[in-house]
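Under UniProt numbering, read the sequence shown as residues 1 to 339, first letter to last.
All residues carry an ideal CB built from backbone N, CA and C; glycine is no exception.
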Amino acid sequence: MRLLLLLTFSVLPLLGASPVYAVAPSPSALSALDRETAALERVHSVVVAHAGEIIHEHHQGGPGVASPANIKSLSKTVLAAITGAAIEAGVIESVQQRLVTLLGDQVPNGTDPRVGEITVAHLLALQAGLERTSGSNYGAWVASANWVNDAITRPFVDEPGGRMLYSTGTSHLLSAALTHASGETTHALAQRLLGDPLDITIRPWLRDPQGIYFGGNDMQLSPRALIEVGELYRNDGVVFDEAGNGERVLPEGWVEESWQARGTSQWTGDGYGYGWFITQLAGEDVYYGRGYGGQALFVIPEREMTVVITSDPNPPSPGGQFQQRLNKLVEGLLAENGE
Numbered sequence: 001m002r003l004l005l006l007l008t009f010s011v012l013p014l015l016g017a018s019p020v021y022a023v024a025p026s027p028s029a030l031s032a033l034d035r036e037t038a039a040l041e042r043v044h045s046v047v048v049a050h051a052g053e054i055i056h057e058h059h060q061g062g063p064g065v066a067s068p069a070n071i072k073s074l075s076k077t078v079l080a081a082i083t084g085a086a087i088e089a090g091v092i093e094s095v096q097q098r099l100v101t102l103l104g105d106q107v108p109n110g111t112d113p114r115v116g117e118i119t120v121a122h123l124l125a126l127q128a129g130l131e132r133t134s135g136s137n138y139g140a141w142v143a144s145a146n147w148v149n150d151a152i153t154r155p156f157v158d159e160p161g162g163r164m165l166y167s168t169g170t171s172h173l174l175s176a177a178l179t180h181a182s183g184e185t186t187h188a189l190a191q192r193l194l195g196d197p198l199d200i201t202i203r204p205w206l207r208d209p210q211g212i213y214f215g216g217n218d219m220q221l222s223p224r225a226l227i228e229v230g231e232l233y234r235n236d237g238v239v240f241d242e243a244g245n246g247e248r249v250l251p252e253g254w255v256e257e258s259w260q261a262r263g264t265s266q267w268t269g270d271g272y273g274y275g276w277f278i279t280q281l282a283g284e285d286v287y288y289g290r291g292y293g294g295q296a297l298f299v300i301p302e303r304e305m306t307v308v309i310t311s312d313p314n315p316p317s318p319g320g321q322f323q324q325r326l327n328k329l330v331e332g333l334l335a336e337n338g339e
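And the structure:
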């Protein structure tokens, strides 16, 4: 697997001074990470990268660090990257393009006129305004005969661009929009526009009854592959080969836009951008994606760090407090690194 090799750094204000690189976590900090991880039996793997290099891997169950794992709703973060890559490739125009334009004749008759106001940006930020398909509504939604029609015809509980309403149905509408606009499956787009440049394999995953790849759930990526996705964002949407040559995968400015809070999680209070939650750990700005059961991808730009955690994705859910315990694992690395 090709790692992203660009080393970001801050330059000392003194003319002629050598660049200063963020210090990598110490061996003692990584040993402490392993001990704390061992207490979380649900966790399968933890992978830590610093300045473009994987510096630590810990595996204690489930698929290995190089094996595909079900990343559950962390798929929303990957879907956001696919969308950015589709914009860079000209598959869709911009985040301001409207859902109905992309779906075309796939929009059901009799939908609420406000559906015409929903943009790609609203879908990325989970601000469509439609009733959620997650939570207590999830089972009925995935049991429906047409997931797209079910999601798009739900009643509005807010205006497009209003509150963040965590809903996998909203992400699935984005997958459908990508499919109908491109004439390719979401999986084909994912591998061509994201997997190939990052030199990772994205396996096919679950489809709905109409053949649309599940938007926002059940993607299969290895922890090492997720490191590459995180590094792509850490390097501002550019991937570098071993010779240091860069290829822009995401549009210029995409990462900054993605990491701008457009809504707030009602469960954690963290901000939410385009597929990424936004928080602070140990005084550092941290951007993360998360999935059911303990799947997580963290990017900490100022520390030049990317961290991936995968866990048992099967019910029962350990609940939101488990995510806080994963946050503590990363916080421990950052706190030690800052001493």
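> Roughly how many whole angstroms lie between the Cα atoms of Ala29 and Glu57?
Replying inline: Taking the straight line from one Cα to the other gives about 13 angstroms.
> So the alpha helix (DSSP H) Ser31 belongs to, where does it begin and stop?
Replying inline: First-last of the alpha helix (DSSP H) with Ser31: Pro27 to Ala38.
> Leaving out the 5 sequence neighbours to the left and right, which residues in its chain are closer than 6 angstroms to Ala190 when beta-carbon positions are compared?
Replying inline: Closer than 6 angstroms at Cβ, skipping near neighbours: Ile82 and Ile202.
> Going by other Cβ atoms of all chains shown within 10 Å of its Cβ, with 16 needed for buried, is Lys328 buried or exposed?
Replying inline: Classification for Lys328: exposed.
> Taking all protein chains shown into account, do 16 or more other C-beta atoms lie within 10 angstroms of the C-beta of Leu14, making it buried, or fewer, making it exposed?
Replying inline: Only weak support is given to the placement of Leu14: the predicted model assigns it a pLDDT of 35, under 50, and the question is left unresolved by the model.
> What span of residues does the beta strand (DSSP E) with Gly183 cover, start to end?
Replying inline: Annotation for Gly183: no beta strand (DSSP E) segment contains it, and DSSP assigns it neither H nor E.
> What's the call for Trp147, buried or exposed, on a 16-neighbour Cβ count within 10 Å?
Replying inline: Buried: at least 16 other Cβ atoms inside 10 Å.
> With a CB to CB cut of under 6 angstroms and the five nearest residues on each side skipped, what residues in its chain are close to Phe322?
Replying inline: If the five residues before and after Phe322 are omitted, its C-beta is found closer than 6 angstroms to the C-beta atoms of Gly294, all from its own chain and listed in chain order.
> Does the Cβ-Cβ distance between Leu165 and Leu124 come in under 8 angstroms?
Replying inline: Against a cut-off of 8 angstroms, the Cβ pair of Leu124 and Leu165 comes out as no contact.
>> Can you tell me where the beta strand (DSSP E) holding Glu247 begins and where it ends?
In response: Note, Glu247: beta strand (DSSP E), Gly246 to Arg248.
>> My output table needs one value for Asn137: the three-state DSSP class, helix, strand or coil.
In response: Reduced to three states, the DSSP call for Asn137 is helix.
> Is DSSP giving Arg98 helix, strand or coil here?
Replying inline: Here Arg98 sits in strand by DSSP.
> Tyr287 lies in the beta strand (DSSP E); which residues open and close that run?
Replying inline: For Tyr287, the uninterrupted beta strand (DSSP E) run begins and ends at Glu284 to Gly291, by DSSP.
> Which of helix, strand or coil does DSSP assign to Arg154?
Replying inline: Coil.
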